[in-house]
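Taking it in order: structure first as structure tokens, then the write-up.
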Amino acid sequence: MTRILFATRNGNKLHEVKAILPDVKWLTPADFPVLADFEPPETGETFEANAAIKAREYGDRSQATTVSEDAGLMVDALGGEPGVRSARWIPGSDQDRYQALLDRLGQENNRSARFVAVISWYDPQTKLLRSFRGEMPGVIAWEPQGTNGFGYDPVFIPKGFDQTYAQLGDVIKNQISHRRRALDKLAAWLRSRG
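Okay, so the sequence shown: first residue is 6 according to my numbering, each after it adds one.
Laid out in structure tokens, this is it:
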């Protein structure tokens, strides 16, 4: 079984990645004492830049093949905000952030949005880095709905559905999500390498 460090301390993301790619032995920063208190700064202006920063930093410190992710929600009427700063856009909880999003949108009818995930794979021995982008278009709901998921899931309705990610639940979300689309590209690339 392939062993890969998933460079996150976000248990929700780890849960999704394990469900989507169960044939990998996923390691976490907790498995590496050298990473005990380590958290690289997300200083990139794009999802690709932040995912690459995390993959290289965690990989070089741990000397383990590493996968990292940067993801966020881009809302058209807000000029792409919250974007790469989705998790840090507004201080507080996930609920504080999605409520601020709804407040900023107000009665705006253009509620088109997309979730973006970029997965970066890095080998610290060869310094090879590859990134894979997945997107899920959709719209922002008028009010939060559903209790599953995390982040902006209660307010994002993916294209082709009439329920939010939080209403659809993990099984359906993990089949269609932006993260799934990026991980499918990673998995195909890994298979092509033998």
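We put the beta carbon where it would ideally sit given N, CA and C, even for glycine. None of the values given here were measured: they were computed from a predicted structure.
Query, Result
"Do residue 72 and residue 126 count as a contact pair if the criterion is CB distance below 8 Å?", "yes"
"Specify, as a first and last residue, the run of the beta strand (DSSP E) that residue 11 falls within.", "7-11"
"Using the Cα positions of residue 95 and residue 199, report the straight-line distance between them to the nearest angstrom.", "43 Å"
"Roughly how many whole angstroms lie between the Cα atoms of residue 52 and residue 93?", "14 Å"
"Is there contact here, the segment 111-122 with the segment 139-153, by at least three beta-carbon pairs under 8 Å?", "yes"
"What are the start and end residues of each continuous alpha helix (DSSP H) run of 4 or more residues lying completely inside the segment 64-141, in chain order?", "99-110"
"Using a Cβ cut-off of 8 Å (strictly closer), state whether residue 162 contacts chain D.", "The structure shown contains no chain D, having only a single protein chain."
"Three-state secondary structure (DSSP) at residue 143?", "strand"
"Compare the Cα-Cα distances from residue 183 to each of 168, 150, 22 and report the closest residue.", "22"
"What's the call for residue 62, buried or exposed, on a 16-neighbour Cβ count within 10 Å?", "buried"
"On the premise that residue 155 lies in contact with residue 187, defined as a C-beta separation below 8 Å, what is that separation, rounded to the nearest angstrom?", "The pair is not a contact, with the Cβ atoms about 17 Å apart (cut-off 8 Å)."
"Can you tell me whether residue 55 is buried or exposed? The criterion is at least 16 other CB atoms within 10 Å of its CB, across all chains shown.", "buried"
"Taking buried to mean at least 16 other C-beta atoms within 10 Å of its own C-beta, is residue 75 buried or exposed?", "buried"
"Just curious, the beta strand (DSSP E) that residue 26 is in, first and last residue?", "No beta strand (DSSP E) holds residue 26; DSSP gives it neither H nor E."
"Out of curiosity, what's the CA-to-CA distance linking residue 97 and residue 86?", "17 Å"
"Is DSSP giving residue 163 helix, strand or coil here?", "strand"
"Am I right that residue 169 and residue 160 are in contact with their C-beta atoms under 8 Å? What's the rounded C-beta distance?", "6 Å"
"Of the residues 82, 153, 59, which one's Cα is nearest the Cα of residue 43?", "59"
"Counting only the same chain and skipping the five closest in sequence on each side, list residues whose C-beta sits under 8 Å from that of residue 103.", "149, 156, 157, 159, 160"
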